[in-house]
Amino acid sequence: MSTPGGAPIHKDQLKAKYIGTGDADMSKYEWVTNMHRDTLASHIGHYDQMSYYAVAQNQSMGRVKLEFIEKMLQPCGRPPMGSKEEGKEKLLNN
Amino acid sequence: MTSITSAASMKLLDVRLKHAGSIIASTIGEFTSGCTSSSNSSGGTQEIACLRAGGTIDLYRIVISQPFTEKVGDDEEEDEEVTTSLQLVSRIETRSTLRTLHALRVSGSKRDVLVVGSDSGCFSILDFEPTTSTSSGSSPGSTAAKLTPLSSMILHSSPFGKVGIRRDTPGQYLGIDPRGRACMIASIEKRKLVYVIHRDSTGKISCASPLEAHRPRTFVYDVVGVDNGYDNPIFACLEVQYEEYEDMVLAEKKRKKEEEEDEEIMKSAGKSEVKEDVPVGQYGDGYTKQLAYYELDLGLNHVSRRWAITTHRTACCLAALPGGADGPGGVLVGGENYIEYLHEGMVPPPPVPGADGDGSSAKIIPKRMICAIPRRELHPPNKGILITSLSVLKQKKGKFFALAQSELGDIYKVTLTLPKENKTCVSGMTICLLDTLPVGNTMNISKLALLFVASEFGDNGLYQFDAIDIEEEAIKCTSNDTITAFLKSEMEEEDEFYSKCEAVAKFAPTFRPTILRNLHKVFTMESLAPVTSVLVGELAGNEVSPQIYTLCGRGPSSTLRVLRHGLAVTELAVSELPGVPGAVFNVRDDTIVGGGKNGKFYDRYIVVSFADATLVLSVGETVEEMGKESGFLLTEPTLACSALGVGGSGDGERNGGIVQVYPGGVRHIQRGSVSQWHVPGIKKIECASANESQILIALVGGELIYFELDPMSGNLMEAGTRDVGTDVCSLDVGVVPRGKSRSLFAAVGCRDSTVRLLSLAPGGLLEQKSSTALGTTKPHSVVLSNAEEGELTLTVGLDDGSALRAGVDPITGAISTSPSRRFLGARPVAVSRVTLQGSQSTLLLSSRPWIGRACNGHHSMAPMSYAPLDHGCSFSNEAVRDGIVATSGNTLRILSVGGDSGGNNASALGSTDDESFNSNRIDLRYTPRQMCLLSARVAETTRKIVLAIVESDANDFGEEDKKAMGFDGTGKSKAGSKKKESKDGDDAMDMDMEDSGDEEEEKKDGGDDEEEDDEDDDTRLTPIRGPVPAEQGRWGSCIRLVDPANACLTLDCVELNRNEAALCCASVRFHSRGGESLLAVGTVTGMTMHPLGHKESHIVLYRVVNGERLQLLHRTKVDDGPILSLVHFQGRLLVGVGHIVRLYEMGKRQLLKKCELRGFPTMVKTLQAAGDRAFVGDMMQSVQFIRYDATSNKLLLVARDQSPRPVTCQELLDINTVAVGDKFGNVSILRLPRGADVGAIDVTGTRALWDYSREDATPKLETLCTYHVGEVVTSMTRASLVAGGAESLIYVTVTGRVGALVPFTSREDVEFYSSLEGFLRAEAPRPTGRDPQAYRSYYAPIKHVVDGDLCDAYAQLPYDVKQKIAEQLERSVGDVLKKLEDTRNALL
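Chains as they are written, first to last, in UniProt numbering: chain H, 1 to 94; chain U, 1 to 1388.
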């Protein structure tokens, strides 16, 4: 890939500029984390969706919003570790 | 809905019936002051700008004083009751998803502009400016209550990024430099843009391209502009940075390794201790929340991260304190249980005097200026209370205070102690409880001692402060107490101590929420949000048109609201008359010197005319019958009467007396003496009309005679005659415009089906100016009115029950060529002029009473929610400003329109479409979920319709538990118990917070409250959220039976206990039980949301006994999942259980399972049935059609949808078509293609099971229409809003909008609307820079739906653009507007 001027763009550069950019070596965990972050951000931005959740949970919207942003830090928990998970992840990626 | 389904391709028009009530964010400022001559002339008028869900920006002006005060008579205002209201000044449709807004005052400017953050990827600044400031205040009609036409100007709208709500698209947060020099617009993650705002020499605002202050992998919680005097602007951001993925993996590996090592050590030591992970979002989870200052260096034109400090881990909101010369600067940070003060270079809090003595000096010196908030008595100690919004008011002389609201709704006042010698450092903080209000999104404090709270759910309120210096006696906590508590504790780390909820619970003072003590409500802005269910039907039993029943609200503010189209009417008096009257008139009172208060005239007499007599009633304290002393001729009917003269002077010189026209002549009553004019010959006067100076009478045969008041002599002079050649049905001479001596035109309705306009100008007296033909029908009544300044309108009531309205040229007298005609009812229409809210309106009486009004530049016609009336005219006295006196049968009624006389009038009449519905509210106990109609047998033959509502609240206790805990939801605990409680509370406090003096103070308070209870009870009532359970999975729930025919009184209410929650209900008629309508309720016990789980679920069956009581028949336990939907299906009950649909038959002890269909994708959310088909809405995967095969007793999948839609509601349009609303705010209409089911359905039922799961084997539904409403649609129903009208799809949204999707009935309409929409997409202003078409195609391209809101924007366009579009549509501007109006009228 290159810029309109012709200078090549490195993958890492692209990733840094556009958050959530994927690549072939991306692990499933990383991809899912990105998806969840996008979804949560969309929920936070749409007031109507926030109120839908707030009514369902019977909590204030401020609390729901805080919980959603906090959830964006680790939407899918910690990265999977250990031999078993690692193997599984590799399997899924292949 | 034949018209929908018969057309091969369906086309719908989206019409908004009621605006969304929710306010996303609001800001206070002076947006228009200096440009308007509003009643409040001292200083600027404060206005509140609100972002409404659904893409509307509303500007409300705070109006204090009598709502309709004229500018004259200011001196008399003192003795009047002051009312405060919010008056809609301007409304902007943005057609985008709005997120935040802020007022911005550019330095040197006199008023504020509005900065809006939306999904458009544009930075937009809006300015409100009045267009026509010339006409204000010069006419009798224009008062403060009238809308000044305001146009918004888009000052700046520059794109900076992608459209949409992405995590890195700025627009979620706005920080404004308090001096108006710069503005930061931030996204949730990473991106922050800073715009420097300039003002050029002409005062125009401009911005340069933005400066970037990005920080990778950083989530922002809040942004605020720090008050920094005139130093470089600084923005404070609350943010958390997360690690990079690679680092995360490395850290995780390291952690795992350490853990394993630890485990081994533990094992070798023989202990088995499991280290628990700290959940993300709490202290110790590995992330730090920082408050960072971003400085914009104006010299270098560059933004840098200047300073950052770790703050409370749960912090979520910020507020900037006044700085520079006015205060200490810095920000308040609100988090769980605490509010902290932070500023760069702040000094640590001074040592606490009390804490030094107990030997803890060895501990580290506390650095943080932090203060705990008082807690609720019943709040569990392991749960924190989050501060969700903060707001600061800068007062005069460098004083200021802040208000904070918690997630429970409690409002706290935050005051900072500043030492006398140095006003820039903070030495202490006090937080005291102010009151409990509904939980708000934002709070705006006005300088006029008002507080506006934009509630998350339920009505928004404007509150007046009764007391604000409450530090002495209120329940409070200080920073000293907090720091002392920390020093006393054993903990080493400040952060650790402040993150422990149990620690706060130990030392923070507690209180019990009560009614409002320091505030009272002065104005309510209605909001239906959230609406969970809607039902349309004429259930009241005695009304003409159907009502809309909506389930609204959440928790303690839950209501059932009955919406009726039209204006609310209050009946003030009803009295019997001796006969059936033929007409009613009012006569202005001229006797009061100065013309009454505020230049307004009250009425002196009500004149009622009968067939052979006249009754004169005098209006005073009471309405009394007058005898001969009134001077009226009482033995003849009255055709017209009026007070003469300019009036108001009262000195008799210009007082012209009263004129009465009776069939035999004209009688002029002047200060005791009576002069008469008799009709020459045997002719009789057929009809007549009179105003202050002109009288026009028509004799049988069509001879018109015109009289005018001679202003010098005060006598009536015959001025001219004319023969029109045909009998005259009705006459009107119009009103005398203010400042003029006569009305220039008279309207004459003739029996030859024409209405003629005659000139009354001295030049061409009684000369015909124009005429209009009415076709076959005859005019019943005519009225000329000038609703707006300089505009003349002719309204004709016709014999066939319709009304015709046409504009009249005020100079030439030409009647406009495109009159609008509307059918009003089954009786001839009687028209009269009335004054409502200070503006000229028309009262149109047919089989339904209507009010026609001009507002916002266009005419609106609304029915009154009242019984039919025969005759009416306006009425006003001291108690009733703008009333109507009317007759119905042989009764005389005095009515007031627009709700009660409270502060709500303005909202009821002020806006264009919100007033078109009036609502009745019935309070409920918990959040309502669903409702259904039941037909209950009352006697042998009679049946009664009752409404069953299921209510349930998650995260709450049931009624009994609450009682046992001593919680009273009304807050109106008796003074005695309150005193006791407060004592108990004091005992419970471990600190000597309140000495005995305070306690006495409180006792006195209690006494005061009780007195106030009696006085203005309802302004002090506030919904109070019940105690929060300590653990998940607690529910409060009940099933209610309501009688819609009897003002929606509750007949029965069954409380469910044991954490059981009723989530759905349906009426079911089991064939095996003879078709009796039973209530089936699906309940879930102990349901938790995160993770989704429950203990057990039941189907509970109730019988309605006698139409008034619920009797439990039996309960059936159901396995496999929660029940979210039930439906009656072919004499059985179809139930959605988790991902299974199951058919039940009624048994003696319980329901009997007949058959089931498994394998729905996630969970069955909605169910509907028609014939042998059922329609299943899945929580994630859209709709499936299933069919019941009776021979093989099997449920079979017929078809499914192609696209995944998270269904929230559905409505059946016909057996092949279903409308679906999804979680993203879209409405789609899906249809089974013709014949698609024939081949696919296996009639024999022998098809192998595995075939069903094959995707390609199942027919797919076709998408007919797609439309992005912009708000989550929670319920839809197919109904007509007028009796006998065409059906449309009525939908409601979670933010309180009511809308309708109306099917087009003709090809022409489709073409007209499609092309109009096309033009408007290009021409309509885009305040946020969002493309309307792109917005309506948010998730899927818009298909076959015309955006009615966008079409309505036509009326607001400048005239030349209107003209251009109209030309392209080959119509006139008036025709286009009429067409738009007609469509709406056809619906309502």
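Where is the CB? At the ideal position from N, CA and C, for every residue including glycine.
Less than 8 angstroms between the beta carbons of residue i and residue j, yes or no?
i, j, result
"residue 344/U", "residue 287/U", "no"
"residue 1279/U", "residue 562/U", "no"
"residue 728/U", "residue 781/U", "no"
"residue 1316/U", "residue 1369/U", "yes"
"residue 390/U", "residue 332/U", "yes"
"residue 1028/U", "residue 379/U", "yes"
"residue 851/U", "residue 1264/U", "no"
"residue 776/U", "residue 753/U", "yes"
"residue 1394/U", "residue 1209/U", "Because residue 1394/U is not part of the residues shown, which for chain U are 1 to 1388, the question remains open."
"residue 1054/U", "residue 1126/U", "no"
To which residues does DSSP link residue i through a beta bridge?
i, result
"residue 842/U", "833/U, 852/U"
"residue 1214/U", "1217/U"
"residue 1226/U", "1268/U"
"residue 883/U", "875/U, 896/U"
"residue 1114/U", "1101/U"
"residue 1298/U", "18/U, 1292/U"
"residue 504/U", "Residue 504/U pairs with nothing; no bridge assigned."
"residue 632/U", "BP columns for residue 632/U are empty, so no partner."
"residue 728/U", "750/U"
"residue 491/U", "Partner(s): none; residue 491/U has no beta bridge."
Is DSSP giving residue i helix, strand or coil here?
i, result
"residue 1318/U", "helix"
"residue 5/H", "coil"
"residue 1190/U", "coil"
"residue 926/U", "coil"
"residue 251/U", "helix"
"residue 498/U", "helix"
"residue 179/U", "coil"
"residue 1144/U", "strand"
"residue 225/U", "strand"
"residue 1339/U", "coil"
"residue 426/U", "coil"
"residue 678/U", "strand"
"residue 1072/U", "helix"
"residue 25/H", "coil"
- May I ask you to list, following chain order, the residues of the stretch 269-301 of chain U that have a beta carbon less than 7 angstroms from some beta carbon of chain H? If you check each beta-carbon in the stretch 269-301 of chain U against every beta-carbon of chain H, the ones closer than 7 angstroms belong to 280, 281, 287.
- Message: Counting beta carbon pairs with one atom in the stretch 1180-1187 of chain U and one in the stretch 1152-1166 of chain U, are three or more of them shorter than 8 angstroms?
- Response: The stretch 1152-1166 of chain U is in contact with the stretch 1180-1187 of chain U.
- Short-range partners of chain H found in the stretch 239-268 of chain U, where Cβ spacing is below 7 angstroms: Result list: 240, 242, 245, 248, 249, 252, 253, 256.
- Below 7 angstroms between beta carbons is the criterion; list the residues of the stretch 178-207 of chain U that meet it against any residue of chain H, in chain order. Cβ contacts with chain H come from 188, 189, 190.
- Query: Which residues, in order along the stretch 53-78 of chain H, keep a beta-carbon less than 8 angstroms from a beta-carbon of chain U?
  - Reply: From the stretch 53-78 of chain H, only 54, 55, 56, 57, 58, 59, 60, 61, 62, 63, 65, 66, 67, 69, 70, 71, 72, 73, 74, 78 have a Cβ closer than 8 angstroms to chain U.
- Query: Is the stretch 579-589 of chain U close to the stretch 865-873 of chain U, with three or more CB pairs under 8 angstroms?
  - Reply: By the criterion of at least three beta-carbon pairs nearer than 8 angstroms, the stretch 579-589 of chain U is in contact with the stretch 865-873 of chain U.
- Item | Segment contact, 8 angstroms Cβ cut-off, at least three pairs: the stretch 1316-1335 of chain U with the stretch 111-131 of chain U | Between the stretch 1316-1335 of chain U and the stretch 111-131 of chain U, the count of C-beta pairs closer than 8 angstroms reaches three or more; the two stretches touch.
- Query: At a Cβ cut of 8 angstroms, what residues of the stretch 526-537 of chain U count as close to chain H, listed as they run along the chain?
  - Reply: Answer in chain order: 529, 530, 532.
- Query: Using a beta-carbon distance cut-off of less than 7 angstroms, what residues from the stretch 5-30 of chain H approach chain U?
  - Reply: Cβ contacts with chain U: 16, 19, 30.
- Task: Could you list the residues in the stretch 382-414 of chain U with a C-beta less than 7 angstroms from some C-beta on chain H, going in chain order?
- Result: Those residues of the stretch 382-414 of chain U placed with their C-beta closer than 7 angstroms to a C-beta in chain H are 386, 388, 389, 407, ordered along the chain.
- Cβ contact check for the stretch 733-743 of chain U and the stretch 678-696 of chain U: 3 or more pairs under 8 angstroms: Touching, yes.
- Would the stretch 1267-1279 of chain U and the stretch 1352-1372 of chain U be scored as touching if the rule is three or more Cβ pairs under 8 angstroms? The count of Cβ pairs closer than 8 angstroms, one atom from the stretch 1267-1279 of chain U and one from the stretch 1352-1372 of chain U, stays below three, leaving the stretches out of contact.
- Message: Against chain H, which members of the stretch 155-176 of chain U pass a CB distance test of less than 7 angstroms?
- Response: Hits within the stretch, in order: 165, 166, 167, 168, 172.
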